[in-house]
Amino acid sequence: MINIDRLKMATDGVQIEDANLIIYLEENSLVSTEDYVPTSNINKKQIYKTALGILEDIANSPSTMKNFKSDDISISNFAENLQSRIGQLEKKIRQIPNDDAVIQNDSGSNFTYMFTK
Numbered sequence: 009m010i011n012i013d014r015l016k017m018a019t020d021g022v023q024i025e026d027a028n029l030i031i032y033l034e035e036n037s038l039v040s041t042e043d044y045v046p047t048s049n050i051n052k053k054q055i056y057k058t059a060l061g062i063l064e065d066i067a068n069s070p071s072t073m074k075n076f077k078s079d080d081i082s083i084s085n086f087a088e089n090l091q092s093r094i095g096q097l098e099k100k101i102r103q104i105p106n107d108d109a110v111i112q113n114d115s116g117s118n119f120t121y122m123f124t125k
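Structure representation (structure tokens):
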């Protein structure tokens, strides 16, 4: 799987042209045709940051923030749900450690150095 495919998974349901997805990826120092490395926290974090950028751009579009009603179906609170998802994604990004700042101890838990000499 390559980076652009992983980004499409993260933004499932959002219709964006590949050319625009490539720009979003490049803004976060990712190359669309490079392999996605699921074991790399940095790669994962960059994909999530890219997805976050896409959602923030959608949130900045006033036309997507209105309520819709079609026949018997009502789509409301889109802005609230989108902001909630943005908040969840920001939290997830903060919780992913950087590869180079984390060591694993004998019990398997991660420990991040807060202070250096």
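Under the working numbering, the letters of the sequence shown match residues 9 to 125, in that order. Every residue gets a Cβ at the ideal spot worked out from N, C-alpha and C, and that includes glycine. Fair warning: this is a prediction, and the values are worked out from it, not measured in the lab.
**OP:** Just mark Thr-41 as buried or exposed, buried being the case when its beta carbon has 16 or more other beta carbons within 10 Å.
**Re:** exposed
**OP:** List the endpoints of the continuous alpha helix (DSSP H) containing Ser-89.
**Re:** Correcting the residue identity first, residue 89 is Asn in this sequence and not Ser. Note, Asn-89: alpha helix (DSSP H), 86-103.
Subject >> CB-CB length for Gly-61 against Glu-35, believed under 8 Å >> reply: 7 Å
Original post:
From Tyr-56 to Lys-100, what distance separates their C-alpha atoms?
Top reply: 8 Å
**OP:** Can you tell me the Cβ-Cβ gap for Lys-53 and Ile-10, rounded? I've got them flagged as a contact below 8 Å.
**Re:** Their Cβ separation, rounded to whole angstroms, is 17 Å, which puts Lys-53 and Ile-10 out of contact at 8 Å.
Original post:
Is Thr-47 buried or exposed, if buried means 16 or more other CB atoms sit within 10 Å of its CB?
Top reply: exposed
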